[in-house]
Every structure is written in C-alpha cells, then in structure tokens.
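A.B. asks: When you line the sequence shown up against mature numbering (1 follows the signal peptide of the UniProt record, and there is no 0), it's residues -21 to -1, 1 to 161, in that order. Following this message is one structure expressed as structure tokens.
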Amino acid sequence: MKNLVLFLFSVVLLSSCNAVKVVTDYDSNANFDSFKTFAFYKPGIDKAAISDLDKKRVLRAIESELVAKGFMKSENPDMLVSFFTKSRERVNVNQNNNMGFGWGWGMGWNPWMMNGMNNNVNVSQYTEGTLFVDFIDPKKKELFWQGIGTGALKIEDRDKKEARIKEFVKEIISRFPPEGKK
C-alpha cells in the first residue's frame, strides 16, 4: 500500500513538471471589446533571448491562437503583441525515507538500510522557461495585458520543442481576454 501511494505521488509530481503554469495581469480600465486586430511589435521581439527559429515558432503559435479566437492580423492594428523569455536551471531533490520497509529480501530487510531507515534520494535537473506575452495599446503606447507561462522546457528534438512552444502559447493566450472582459 505504501509503495502504491509513493508511486501515485511520483506520477502526480512528474506530470506537474510538464504543466505550464500561467498567470496574467491587465489594466482594469482597458476596453477589451475595442481590440479586434493585431500586429507584432518587432522592437520588443528582437530583444527576446532565443534563436531566430524559436522566435518564428512563437510568432506562428501566437498568430494561430489569436486568429482562432477571432482576431485578425492588420497593418493598422488595435493592439501590438510582443514577447520575451527567461530561463533558469532548476534542481529537484526528493528524499523518501522508509522506516523498516524496503525493496529487498525477507521481511522488509534491505542491505542499504542504516539503523532501520531506507534513504532514497532522487535528484533531477531541468531547464525552466518563462514566456511573457505582452499586449500593447499602439495609440497610448501602454501595456494593457500580460500573460506569463512557466514550465519545464523539453528540447530533445525539433518536433518536441515546437509542440512545447505551442503548448506554452496556447495556455497563455487561452486567458485572453480576461474573464468578464470579453
């Protein structure tokens, strides 16, 4: 039973590492009904500290999500869209102390036990990425909405990287416009 509980906890913990955590902030005085068209804000995007290929992936994903929500790309937009990124290395250390139980021989005896305690330490390292998506009023030159998505990055291959970027963008854009402001 104890091993089943530990297994289920591990599955939940590992699956939570794959989730994109999103927070948003916005100007409560912004009239979200007035925003129907968009364009990308190149000066802001140029500062993003990712490769040009990844910038293209993010731009395509944002455009796809906004168009799916009914917004149109325009030369004379109601809103400008920019983004930037941050990343950092993260280390998770999980310790599992089993008193008197263990994987082993006989009645819970385990050769790695010390004084009746089985110490299992799992260490994992990964890169955590954060994508900031900014919506700017072009007339006022003011930020009126920001979505921030944070999660583990998977860059094993190009296809997985592209899928992860789409997942980040989809989760962020799904929060726009804010509830009650549609």
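Ideal placement from N, C-alpha and C gives every residue a C-beta, glycine not left out. Computed from a prediction, not measured in an experiment: that's the story for all the values here.
Check the C-beta distance from T3 over to R154 and give it rounded, since I have them as a contact under 8 Å.
C.D. replies: Going by Cβ atoms, the distance from T3 to R154 rounds to 5 Å, so yes, they are a contact pair.
A.B. asks: Going by other Cβ atoms of all chains shown within 10 Å of its Cβ, with 16 needed for buried, is I134 buried or exposed?
C.D. replies: Label assigned to I134: exposed.
A.B. asks: Give me the residue from M58, D57 and F19 with the minimum Cα distance to A40.
C.D. replies: Selected option, being the one with the closest Cα: F19.
A.B. asks: Should S13 be flagged as near chain D, meaning a C-beta pair shorter than 8 Å?
C.D. replies: Annotation note: the requested chain D is absent from the structure, which comprises a single protein chain.
A.B. asks: Could you say which of P117, N73, G108 and I115 lies nearest to N101 if we only look at CA atoms?
C.D. replies: Of P117, N73, G108 and I115, the residue nearest in Cα terms is N73.
A.B. asks: Should A27 go down as buried or exposed, given a rule of 16 or more other Cβ atoms within 10 Å for buried?
C.D. replies: With 16 or more other Cβ atoms within 10 Å, it is buried.
A.B. asks: Nearest-angstrom Cα distance between N(-4) and E68?
C.D. replies: The straight-line gap from Cα to Cα measures roughly 15 Å.
A.B. asks: If you drop the 5 nearest sequence neighbours on each side, which residues of the same chain put their C-beta closer than 8 Å to that of V60?
C.D. replies: So the list reads F17, A18, F19, Y20, I41, L45, V112, D113, F114 and I115, once near-sequence residues are dropped.
A.B. asks: Ends of the alpha helix (DSSP H) at L122?
C.D. replies: Counting along the chain, L122 falls outside any alpha helix (DSSP H), though it belongs to the beta strand (DSSP E) covering E121 to A131.
A.B. asks: What does the Cβ neighbour count give for V37, buried or exposed, with the cut at 16 atoms within 10 Å?
C.D. replies: Buried, by the Cβ-count rule.
A.B. asks: My parser needs the alpha helix (DSSP H) runs of 4 or more residues fully inside the segment 2 to 76; what are they?
C.D. replies: Runs of the alpha helix (DSSP H) inside the segment 2 to 76: 21 to 25 and 31 to 47.
A.B. asks: What separation, rounded to the nearest whole angstrom, lies between the Cα atoms of V(-10) and K118?
C.D. replies: At V(-10), the pLDDT of 38 sits below 50, so the modelled position is not reliable; the number obtained from the coordinates is stated separately. So the alpha carbons of these two residues sit roughly 46 Å apart.
A.B. asks: Mind checking who E150 pairs with in its DSSP beta bridge?
C.D. replies: Answer is none; E150 lacks a bridge partner.
A.B. asks: Exposed or buried, which one is G126 when buried takes at least 16 other CB atoms within 10 Å?
C.D. replies: G126 is buried by the Cβ-count criterion.
A.B. asks: Run the CB neighbour count on G128, radius 10 Å, all protein chains shown included, and call it buried at 16 or more, exposed below.
C.D. replies: By the neighbour-count rule (16 or more Cβ atoms within 10 Å), G128 is buried.
A.B. asks: Could you tell me which residues DSSP pairs with K(-1) in its beta bridges?
C.D. replies: Paired residues: T129.
A.B. asks: Given this structure, state the Cα-to-Cα distance separating N8 from K34, to the nearest angstrom.
C.D. replies: So the two alpha carbons sit approximately 31 Å from each other.
A.B. asks: Verify whether the separation of the beta carbon atoms of V(-2) and E146 is less than 8 Å.
C.D. replies: For V(-2) and E146, yes; Cβs fall inside 8 Å.
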